[in-house]
Amino acid sequence: MTAPAWTAAEMMTIAASRQLAPDDVCFVGIGAPSAACNLARLLHAPDIVLVYESGTIGTRPDVLPLSIGDGELCSTALTTVSVPEMFRYWLQAGRITKGFLGGAQIDRYGNINTTVIGPYDRPRVRLPGGGGAPEIASSCDEVLVTATHAPRTLVDRVEFVTSLGHGRGPGDRRAAGSTTVGPTTLITDLCVMSVDAAREFVVESLHVGVTRREVVEATGWPVRFVSDLVSTPAPTDEELTTLRDLQARTERAHAAR
Amino acid sequence: MTAPAWTAAEMMTIAASRQLAPDDVCFVGIGAPSAACNLARLLHAPDIVLVYESGTIGTRPDVLPLSIGDGELCSTALTTVSVPEMFRYWLQAGRITKGFLGGAQIDRYGNINTTVIGPYDRPRVRLPGGGGAPEIASSCDEVLVTATHAPRTLVDRVEFVTSLGHGRGPGDRRAAGSTTVGPTTLITDLCVMSVDAAREFVVESLHVGVTRREVVEATGWPVRFVSDLVSTPAPTDEELTTLRDLQARTERAHAAR
Amino acid sequence: MADIVPLEEAILRFVHDGDRLALEGFTHLIPFAAGQEIIRQGRRDLTLIRMTPDLIYDQMIGMGCASKLIFSWGGNPGVGSLHRLRDAVEHGWPRPIELEEHSHAAMANAFDAGAAGLPFAAFRGYVGSDLRRVNPNIATVVCPFTGEALAAVPAIRPDTSIIHAQRADRDGNVLLEGIVGVQKQAVLAATHAIVTVEEIVDDLAPPSVNAVVLPTWAIDAVCVVPGGARPSYAFGYYDRDNVAYVAWDAISRDRDRFLSWMDEHVFSAPASDPAATVPHTRELPR
Amino acid sequence: MADIVPLEEAILRFVHDGDRLALEGFTHLIPFAAGQEIIRQGRRDLTLIRMTPDLIYDQMIGMGCASKLIFSWGGNPGVGSLHRLRDAVEHGWPRPIELEEHSHAAMANAFDAGAAGLPFAAFRGYVGSDLRRVNPNIATVVCPFTGEALAAVPAIRPDTSIIHAQRADRDGNVLLEGIVGVQKQAVLAATHAIVTVEEIVDDLAPPSVNAVVLPTWAIDAVCVVPGGARPSYAFGYYDRDNVAYVAWDAISRDRDRFLSWMDEHVFSAPASDPAATVPHTRELPR
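Chains as they are written, first to last, in this note's numbering: chain H, 1 to 257; chain B, 1001 to 1257; chain A, 2001 to 2286; chain V, 3001 to 3286.
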């Protein structure tokens, strides 16, 4: 088939944006989540509340931030609070409906490693660390995960559980002391997966032009597919145009500085 | 002797103001402490930092507040913080050098009752309660106490310890878990008392025109006097004029509302 | 998202007999109009929570709305006693009231813990105080690192909190400034929150990006009640009516005089009449 | 009362070998100039504390100033790794560095506890995280009322905290606004505090009575360092230099290139030369 008129990264961002409802309160990370959240705001969820861990609440950036604490986030926010208040009054208190997480390693149960590859005391790769993730994973009503689909990222078992997903299956999350739902959806550049009864990510829709085999080869565990597997709806013109305009504005703004 | 050219209440306020140093950070209560602190600020301690429990820090009111949270306190403050921040970051953290307390009952050890007269469950008189006092008593470097001198106020033993002074003597305060000095000075309309080695208030100076006998009769415990008892210096013209101007401004301002 | 509704409707929807209720305001921005609407609606068996119960709680207690009070300082600021509170505690009139008594530090920490979704607050307090003896809700926790024993109190989690603020925008976002007490914490600690405001504006125009702003989605109802904090004050809008506070002392000392004052100033004044929300300044004897 | 002094003097007086040091700033208002002065003064064996160690800590670690890092996220925001930090952790160059690793929630609570004078902070966190396994400073406290087990971490109490702010008045009172991170907490948690500011003004003129203001008596030194937060930004003064952050990735990947960059941009630029405080925007390859 001919190449689609969009990139895999665009498809991932658009698929992620569709996961967001107009009344969501989102804890937004940098990168794909930030693009997806702001795309949703510019499309079907104009009143969605975007919260960044730097303390900005109800932010409406015209361009995407490069860092979690860009001035744009603050100047377009309803209000900006201290970081302790953000983590205590807003995240811990259970006011966030959806949190976005990514990571260097993600396993089938949505456990995420952003700490270290190799032994903790003698790491092969020292990653940036947990940041807000451990408590985003446990305090948000629901967690959405995004990742570029590759075997080294979607691994059979994370080497270090920075942020708890579903442990090793049903009951583990509750046993660890969590009362929230945890990861429900994994959005990649190949497909959308959702958590099934075994608390495992299974593929529910393939992006246009992606085959089952490509997904199997790019996944570090023996990935399963739902019986009623569907095709992810292609990006609409409006979705693509809005996303590209946002990214063009962003590039112009950051290059100017 | 002829009546002095000032009232006993004025003498008390002026004597209290003299206890304050230019570099003090004071936790100020309403009434006599507020007058004393602002008098000190207008006289010998222009840079004294006045903190009110309503959250105002570095306040410089032109007129005395009627309540602990008058707008005048806020509009003349360096900054105004929330009440939790006031009690956590400023009082509990040990940033206050001197706290002022008063009470319905005060005993020789500086223990203070502002809770109840009679049994707690069947009170004869229900007093307003502790408010900020229990932690002012334990967290300020030093506590100053003011009271109108009367046997029902300066009692042999408080019926309820709302705020700890020195317990029943040396060592009690430390045993209760306090690391601060506690009450050091009691300023009344008759005299100034200071805490001695037995942790008991003893009279160190009598206000002009006041006799030992008057103090003995107005004190609910067998009051002692230091051997080198002196006379409290009479109010200076500057002290009296400044205090009266402050109070006149205050009366005009409050009557106008 | 907060609904912008009349005060009567907000109270009907979010204040019920038996509720745990916090009307907060530390001298400033006290929600008098909302409290008087609760009195008019005849609510009963309320647990009233507030650091500084003052005249509005004196009125609610005197009218028999409350069966319990959680507080740290119950007086008429700068004046003296709350006589209706004292009558309830000392003589059970019009009904007995249970007290859960704390210090300001404890209440402030407990509201903070409630806002943070924590079950308790630890702080350095109640050192040598008899309040520990009479309040079973004062416990001890030990620091796992230093071994220091600290006081602990349960988080405050009201069913409904009510505050008064300077203004809201048309989406129901609320701004308050000046002496802000524990109002943000009270709102965030509660299951439901009502905010009465002086006015609705097109643009909240916070004076600082870090001003105290409560997002509409953290609030249930916003009610426009100009003067709704009188006789307390609203920084930037009107001053405290100190005369009314002084006058309350005589009004509240006598049961009959209290009742007839309430009849004249609260029951004959519907909340929808804006002037009725400022009875003190209109009618108080001077 | 804070002294208004040159940056060199403030660092000489309040930063010593072996100190526990927090240079805070959450993306915004990062005290770069102060960190570079510490490098120039050759401090060693520092315990560096910060939620988000970024380029300035990468520089300090790469120059061998630190023996320990207490942190929660160590990356180049929006770009990738901190290569000097990684080199120290993975290969012990120029010296090994001990890590005490937390989550943001833990660090934010620990700074808050430090500011409040408490020995520890309790929060709902580290649920199922392996960080508990590798960090002995993560403990458990049990709520005395509900029995819930919560995570606990020790309060952060730096010997000295350093922040950058928009302005100070002539008495040394400091105002910061915008994204304020944990800077207020870092200052109040520390034994000593240094604040570098963009400018000294006659009147602080806070935009709101509740703006973030630090009284002069809670600070030791104020230093005027215009551009002292570059390449991060100062809300209302200058924007973030995103190009410099991107460029740092290549500079910092290679030890020699890093050292020659430091030599040119930090060691040859005394802090008293205002232009020297903004080396990134002058010199970075684009």
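Glycine included, each C-beta is placed from N, C-alpha and C at the ideal position.
Beta bridge counterpart(s) of residue i as assigned by DSSP
{"i": "E2943 (chain V)", "result": "Nothing can be reported for residue 2943 (chain V), as the shown portion of chain V is limited to 3001 through 3286."}
{"i": "T1236 (chain B)", "result": "Answer by DSSP bridge pairing: none, since T1236 (chain B) is not bridged."}
{"i": "N1111 (chain B)", "result": "None; N1111 (chain B) has no bridge partner."}
{"i": "D3003 (chain V)", "result": "V:A3221"}
{"i": "L2176 (chain A)", "result": "A:V2212"}
{"i": "D2169 (chain A)", "result": "A:V2201"}
{"i": "N2076 (chain A)", "result": "A:G2080"}
{"i": "P2154 (chain A)", "result": "A:F2120"}
{"i": "D195 (chain H)", "result": "Residue identity check: residue 195 (chain H) is Val in the sequence provided, not Asp. Beta-bridge pairing links V195 (chain H) to H:F201."}
{"i": "F2267 (chain A)", "result": "DSSP, once it has assigned bridges, lists no residue as partnering F2267 (chain A)."}
{"i": "F3235 (chain V)", "result": "The partner list for F3235 (chain V) (beta bridge, DSSP) is empty, contrary to what the question assumes."}
Exposure label - residue i; buried when at least 16 CB within 10 Å
{"i": "L1229 (chain B)", "result": "exposed"}
{"i": "G1069 (chain B)", "result": "buried"}
{"i": "T1185 (chain B)", "result": "buried"}
{"i": "A2221 (chain A)", "result": "buried"}
{"i": "F2267 (chain A)", "result": "exposed"}
{"i": "D196 (chain H)", "result": "exposed"}
{"i": "S1139 (chain B)", "result": "buried"}
{"i": "P119 (chain H)", "result": "exposed"}
{"i": "P1061 (chain B)", "result": "buried"}
{"i": "H149 (chain H)", "result": "buried"}
{"i": "S2260 (chain A)", "result": "exposed"}
{"i": "D156 (chain H)", "result": "exposed"}
{"i": "E3283 (chain V)", "result": "Its pLDDT being 35, under 50, E3283 (chain V) is placed unreliably by the model, and nothing is read from it."}
Within-8 Å CB hit, residue i to chain B
{"i": "T3160 (chain V)", "result": "no"}
{"i": "S2067 (chain A)", "result": "no"}
{"i": "P3144 (chain V)", "result": "no"}
{"i": "L2175 (chain A)", "result": "no"}
{"i": "P2031 (chain A)", "result": "no"}
{"i": "A3168 (chain V)", "result": "no"}
{"i": "T2140 (chain A)", "result": "no"}
{"i": "I3004 (chain V)", "result": "no"}
{"i": "L2131 (chain A)", "result": "yes"}
CB of residue i within 8 Å of CB of residue j, strictly
{"i": "G3128 (chain V)", "j": "V161 (chain H)", "result": "yes"}
{"i": "C3223 (chain V)", "j": "A3022 (chain V)", "result": "no"}
{"i": "A3151 (chain V)", "j": "A3113 (chain V)", "result": "no"}
{"i": "H1207 (chain B)", "j": "M1011 (chain B)", "result": "yes"}
{"i": "A2034 (chain A)", "j": "T2191 (chain A)", "result": "no"}
{"i": "P2215 (chain A)", "j": "L78 (chain H)", "result": "yes"}
{"i": "S3232 (chain V)", "j": "H3104 (chain V)", "result": "no"}
{"i": "I3049 (chain V)", "j": "R3095 (chain V)", "result": "no"}
{"i": "A127 (chain H)", "j": "T146 (chain H)", "result": "Before going further, note that residue 127 (chain H) is Leu rather than Ala in the sequence given. Contact: no."}
{"i": "G55 (chain H)", "j": "I3179 (chain V)", "result": "yes"}
{"i": "Y1089 (chain B)", "j": "A3165 (chain V)", "result": "no"}
{"i": "A36 (chain H)", "j": "A16 (chain H)", "result": "yes"}
{"i": "V2212 (chain A)", "j": "L2204 (chain A)", "result": "no"}
C-beta neighbour in chain V for residue i, strict 8 Å
{"i": "D70 (chain H)", "result": "yes"}
{"i": "L2007 (chain A)", "result": "no"}
{"i": "P2094 (chain A)", "result": "no"}
{"i": "A2151 (chain A)", "result": "no"}
{"i": "G110 (chain H)", "result": "no"}
C-beta neighbour in chain H for residue i, strict 8 Å
{"i": "F3258 (chain V)", "result": "no"}
{"i": "P3077 (chain V)", "result": "yes"}
Chain A within 8 Å of residue i, Cβ atoms only
{"i": "C74 (chain H)", "result": "yes"}
{"i": "R3124 (chain V)", "result": "yes"}
{"i": "E3148 (chain V)", "result": "yes"}
Considering only residues of the segment 1096-1176 of chain B, which uninterrupted alpha helix (DSSP H) runs meet the minimum length of 4 residues and lie entirely inside it, listed in chain order? 1133-1139 and 1172-1175
Extract the residue ranges of the alpha helix (DSSP H) inside the segment 3014-3059 of chain V, only unbroken runs of 4 or more that lie entirely within it. 3032-3040
Considering only residues of the segment 1025-1084 of chain B, which uninterrupted alpha helix (DSSP H) runs meet the minimum length of 4 residues and lie entirely inside it, listed in chain order? 1032-1042 and 1071-1075
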